[in-house]
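Engineer: Sharing a structure, written as structure tokens. Questions coming.
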Amino acid sequence: MALTQSILASFDYLSTVCLGLELDSSAYSVIVTRTRLVARYMFGPNVSGVGVGLAVSF
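Counting from 18, one number per residue, gives the positions in the sequence shown under my numbering.
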């Protein structure tokens with residue numbers, strides 16, 4: 018059995034809603050060729066939380 022977030026946190030289920038934005042700047046003479054921003058909302062029985070992620074490619 019794989020250890021998932023719902024098992025480790027003792028929940029029957031967890032749901033996630035995500036929204037992301039990706040910008041491609043490879044056509045320009047800059048060091049960063051791609052930038053990604055992701056926002057996540059996670060919720061389950063008596064619990065909820067948010068997360069934000071930022072990633073760049075060189």
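For every residue, glycine included, the Cβ atom is placed at its ideal position computed from N, Cα and C.
#1: Could you compute how far the alpha carbon of S65 sits from the alpha carbon of A56?
#2: Please work out which residues of its chain come closer than 6 Å, Cβ to Cβ, to L38, disregarding the five sequence neighbours upstream and downstream, and give them in chain order.
#3: Could you please give the first and the last residue of the uninterrupted beta strand (DSSP E) stretch that includes S65?
#4: Once the 5 residues before and after R51 are set aside, which same chain residues still bring their CB inside 6 Å of it?
#5: Report yes if the C-beta of S42 is less than 6 Å from at least one heavy atom of the ligand HEM; otherwise report no.
Structural biologist: Let's see:
#1: S65 and A56 have their C-alpha atoms some 14 Å from each other.
#2: The residues are L54.
#3: DSSP places S65 in the uninterrupted beta strand (DSSP E) bounded by V64 to S74.
#4: Residues D41 and S74 of the same chain have their beta carbon placed closer than 6 Å to that of R51, with the five preceding and five following residues left out of the count.
#5: No copy of the ligand HEM occurs in the structure displayed, which carries no ligand at all.
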